[in-house]
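Visitor:
Residue numbers (the numbering used here), protein chains in the order written: chain U, 1164 to 1556; chain Z, 1164 to 1556.
Here you go:
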């Protein structure tokens, strides 16, 4: 049968994102045994393709029923022993949450905080690393609360220069599949994400990839891992087993979601991953130009060089607030997100542009629809762009 | 559109189970915001209906992306403080795994072990409770590895008589939706399960329900909860929020799976839950009669009174093994499960009969198909039932 998903409002929040008919149809696959030959092959291929997306040869994927949040537990419970020092590079809401999670597992956390719209600089990082020895440094690649894009390549460079034993952990929840990530080349020790953003699959999967160095560290830790479900030692035989075609049981895998992920990863890896990054970047440049130049609005990230390619965070114009924009877009069939970062919660809104919304531009015109609606809604709210003509960018 | 799932082999392992077209179609729902009004209502209703299934008024559901295994982490991380004593009633593989999980969180575990095919007796339990004071007692309602059915009503009665402060935790992974459970009437403190068995939904959800007493205990514990993702304190505002129509964020919920669960729970709660239990019981009696009387095979559970209603675990006849049965059933389009309990792993097989396979007997004839195929495969393997005529049961 040809499956077409039901008519629905266009979802352009920074995740979950719009999902293709093929992916949704796979999510409605008939029941099959999690130990069957065919599912084992599917899962094995998923593990291999996830490596391709992260451009890693020897990274060890862990793909588990859960959410992005569970990835933090995986990092913290496996890599942290009580009393270990962790440095969290903070560029928004999610740095604080990751901190809470690390502390739960006994880490002593130092946060390198940047003001809203900024991320810590190379110099600040180098200084922090010289002041104290850290077991791990964590980076939120794209902080979904601010749309600020960090630079994991540079961060990893600095860490490897100043403190080569320190592990680099990339929270790629809002970046894997939409931002450039080269796990091996950049010497990242962990990259973690979820299914519902750049990977274009419904929510319900936690995806983590650990370097050989990270795995060795877990295998040689002095204290026991303080989690059962998040313990890599419990999942390692499972992931290795499925990849080798021999299913191993620890917990029943989310069969249909793995099938959906399989379809999405097949599509993603059918072309060079660089093309996917470039498409996200181009769509982002176009959309941000529309927002700043045509609409005259201000982005939350302080500088274009630190603005995410998969989402845009925008301040409301003076005199307007969420109630003038969000419900009116909804009436026009477009779902965007309000603010999340508590310091500026009511002052801005967020729009996601990831996955098929930017890749499938022949049959879909998602961002055109968003632009039209945003233009109309702002007009209807009486907003006039006073910067037009003055903008030299 | 009318959705029909693809042709596929009949899945009659003890979970995942066959899922209805309506449930699968809901699992292919278009993307929607996890904070939207409509999803909030769906999730709120799911929480309320889950209470109905467990026949509890004030139990607090936690419905989270994960698997049954994550439910153990929830129990252990929330209810156990380091050094707490736990008593695990062991009726198969899953008692040992629950023990491993409890120990991970610092519990001192005593296992009350029964031989394969048995479960601990009322007297053994009373004796154990008199010998030591336990914080919690855990029971595997149906141990999927043996098909042994424990009696949580009686167990809870004994616990409340002998050691009223001890919490009773029911692992209902292979029983919720297929076996009688009355959480309030039986004074159970936790019931935990997963989506892919008696609830008739694809795998990927961990469902836990905690009594008011259990929640109070968590809120007044002396040490911090040793998990972030499994901490009820992190999920409480989320569950209460969605139920009250006000979405709260901790982790992105698995939207499509919650929609699928909504459809299944609507169907389940549209009739008195007692009818559902009775249908499972009747189907089980019929199937077990076929297995023992017509085929002359022996069940793993030692006595019919401790045999699960949602599955049957059967010893191979002398001279036959898995390779004579399992692949030949597969050729006939029927997927059953081999052995799991390590003491008897190669000596038995398992067949599940839960959900639509036993409820929807007008349009489906799942168990008839299984019976026919099993009869044929055994015949083809040269098996003759020598007990026919001698069987007085």
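Glycine is no exception: its CB is placed at the ideal position from the N, C-alpha and C atoms. Predicted, not measured: the structure shown is a model, and the values here were computed from it.
#1: With 9 Å set as the bound, which would you pick, yes or no: does the beta-carbon of residue 1562 of chain U sit closer than that to a beta-carbon of chain Z?
#2: Please state the DSSP three-state secondary structure of residue 1403 of chain Z.
#3: Would you mind listing the beta strand (DSSP E) stretches within the region 1204-1286 of chain U that are 3+ residues and don't spill past its ends, in chain order?
#4: Please look up how many angstroms separate the CB atoms of residue 1425 of chain U and residue 1228 of chain U, rounded, as I've assumed it's under 8 Å.
#5: Ignoring anything shorter than 4 residues, give me the alpha helix (DSSP H) runs that lie fully in the region 1438-1525 of chain Z, in order along the chain.
#6: What runs of the beta strand (DSSP E), each 3 residues or longer, lie entirely inside the region 1280-1364 of chain U?
#7: Pick from Z/1328, Z/1317, Z/1333: whose alpha carbon is nearest that of residue 1302 of chain Z?
#8: Figure out for me which residue from U/1452, U/1209, U/1389 has the closest Cα to the Cα of residue 1269 of chain U.
#9: Can you tell me where the alpha helix (DSSP H) with residue 1186 of chain Z in it begins and where it stops?
#10: When DSSP builds the beta bridges, which residues end up paired with residue 1371 of chain Z?
#11: So the alpha helix (DSSP H) residue 1418 of chain U belongs to, where does it begin and stop?
#12: Assuming residue 1361 of chain U contacts residue 1325 of chain U under a Cβ cut-off of 8 Å, what Cβ separation, rounded to an integer in Å, is found between them?
#13: Using DSSP's beta-bridge definition, name the partner residues of residue 1174 of chain Z.
#14: Starting from residue 1540 of chain U, follow the alpha helix (DSSP H) in both directions and report where the run begins and ends.
#15: Using CA coordinates, which residue listed in Z/1451, Z/1443, Z/1416, Z/1545 is at the minimum distance from residue 1225 of chain Z?
#16: Between residue 1428 of chain U and residue 1216 of chain U, how many whole angstroms is the CB-CB distance? I'm expecting something under 8 Å.
#17: Which chain U residues sit within Cβ distance under 8 Å of residue 1231 of chain Z?
#18: How many Å lie between residue 1245 of chain U and residue 1297 of chain U at the Cα?
#19: Using DSSP with H/G/I as helix, E/B as strand and the rest coil, what is residue 1377 of chain U?
#20: Determine the chain Z residues that contact residue 1391 of chain U at a beta-carbon separation under 8 Å, and present them in chain order.
#21: Can you list, in chain order, the residues of its chain with a C-beta nearer than 6 Å to that of residue 1356 of chain Z? Leave out the 5 residues immediately preceding and following it.
#22: If the criterion is Cβ atoms closer than 9 Å, does the pair residue 1368 of chain Z and residue 1230 of chain Z meet it?
#23: Listed from N- to C-terminal order along the chain, which residues in the region 1495-1509 of chain U have their beta-carbon within a distance smaller than 7 Å of any beta-carbon of chain Z?
#24: Beta-carbon of residue 1198 of chain Z versus every beta-carbon of chain U: anything under 9 Å?
#25: By the three-class DSSP mapping on this structure, what secondary structure does residue 1386 of chain Z have?
#26: Which residues in chain Z sit within 9 Å of residue 1344 of chain U, going by Cβ to Cβ distance?
#27: Rounded to the nearest angstrom, what separates residue 1198 of chain Z and residue 1168 of chain Z at their Cα positions?
#28: If the cut is a Cβ gap below 9 Å, which residues of chain Z does residue 1181 of chain U touch?
#29: Would residue 1308 of chain Z and residue 1460 of chain Z be called neighbours here (beta carbons separated by less than 9 Å)?
#30: Flag this pair as yes or no: are the beta carbons of residue 1407 of chain U and residue 1222 of chain U separated by less than 9 Å?
#31: Using Cβ-Cβ distances below 8 Å, what residues of the region 1415-1438 of chain U are close to chain Z?
#32: Looking at the structure shown, is residue 1194 of chain U part of a helix, part of a strand, or coil, going by DSSP?
#33: Quick one: grab the DSSP three-state call for residue 1556 of chain U.
#34: Are at least three pairs of beta-carbons, each pair with one atom in the region 1469-1480 of chain Z and one in the region 1527-1534 of chain U, less than 8 Å apart?
#35: Measure from the alpha carbon of residue 1454 of chain Z to the alpha carbon of each residue in Z/1445, Z/1466, Z/1475, Z/1465, then state which is nearest.
Guide: Taking the structure as given:
#1: Since the first and last residues shown for chain U are 1164 and 1556, residue 1562 of chain U lies out of range.
#2: Residue state, collapsed to three classes: helix.
#3: Contiguous beta strand (DSSP E) elements confined to the region 1204-1286 of chain U occur at 1223-1228, 1248-1253, 1271-1276, taking only those with 3 or more residues.
#4: No, residue 1425 of chain U and residue 1228 of chain U are not in contact; Cβ-Cβ is about 15 Å, not under 8 Å.
#5: Correct list: 1485-1494, 1519-1522.
#6: For secondary structure counted as the beta strand (DSSP E) over 3 or more consecutive residues, the region 1280-1364 of chain U holds these complete runs in sequence order: 1299-1303, 1330-1334, 1353-1357.
#7: Checking every option, the nearest Cα to that of residue 1302 of chain Z belongs to Z/1333.
#8: With distances taken between Cα atoms, residue 1269 of chain U lies closest to U/1389.
#9: That run of the alpha helix (DSSP H) goes 1184-1190.
#10: DSSP output for residue 1371 of chain Z lists Z/1225, Z/1355 as bridge partner(s).
#11: In the DSSP assignment, residue 1418 of chain U falls within the unbroken alpha helix (DSSP H) covering 1418-1432.
#12: Residue 1361 of chain U to residue 1325 of chain U, Cβ: 30 Å. No contact.
#13: Answer by DSSP bridge pairing, in chain order: Z/1498.
#14: Note, residue 1540 of chain U: alpha helix (DSSP H), 1529-1543.
#15: Looking at the Cα atoms, Z/1416 is the closest of the given residues.
#16: The Cβ separation is near 7 Å, so the contact holds.
#17: Under a criterion of Cβ atoms nearer than 8 Å, the residues of chain U adjacent to residue 1231 of chain Z are, in order, 1414, 1415.
#18: Going by the C-alpha atoms only, they are around 13 Å apart.
#19: In the three-state scheme derived from DSSP, where H, G and I count as helix and E and B as strand, residue 1377 of chain U is classed as helix.
#20: Listed along the chain, the chain Z residues whose CB falls inside 8 Å of the CB of residue 1391 of chain U are 1232, 1235, 1236, 1239, 1263, 1264, 1267, 1268.
#21: Non-local C-beta neighbours of residue 1356 of chain Z in its own chain, meaning closer than 6 Å and more than five positions away in sequence, comprise 1335, 1336, 1339, 1370, ordered along the chain.
#22: Cβ atoms of residue 1368 of chain Z and residue 1230 of chain Z: closer than 9 Å.
#23: Residues of the region 1495-1509 of chain U whose Cβ lies closer than 7 Å to any Cβ of chain Z, in chain order: 1498.
#24: For residue 1198 of chain Z, the answer is yes, since a Cβ of chain U falls inside 9 Å of its Cβ.
#25: DSSP places residue 1386 of chain Z in coil when its eight states are reduced to three.
#26: Within chain Z, no residue comes near residue 1344 of chain U; the closest Cβ sits about 20 Å away, beyond 9 Å.
#27: Rounded to the nearest angstrom, the two C-alpha atoms are 29 Å apart.
#28: Within 9 Å Cβ-Cβ: 1193, 1194.
#29: Taking 9 Å as the Cβ cut-off, residue 1308 of chain Z and residue 1460 of chain Z do not qualify as a contacting pair.
#30: It is not a contact, given that the beta carbons lie outside the stated cut-off.
#31: Cβ contacts with chain Z: 1415, 1416, 1417, 1418, 1419, 1420.
#32: Residue 1194 of chain U falls in the coil class under three-state DSSP.
#33: In this prediction, residue 1556 of chain U has a pLDDT of 41, which is less than 50 and means its spatial position is unreliable; what the coordinates show is noted afterwards. Residue 1556 of chain U: coil per DSSP, three-state reduction.
#34: Too few Cβ pairs lie closer than 8 Å, so no.
#35: When only C-alpha atoms are compared, the closest one is Z/1475.
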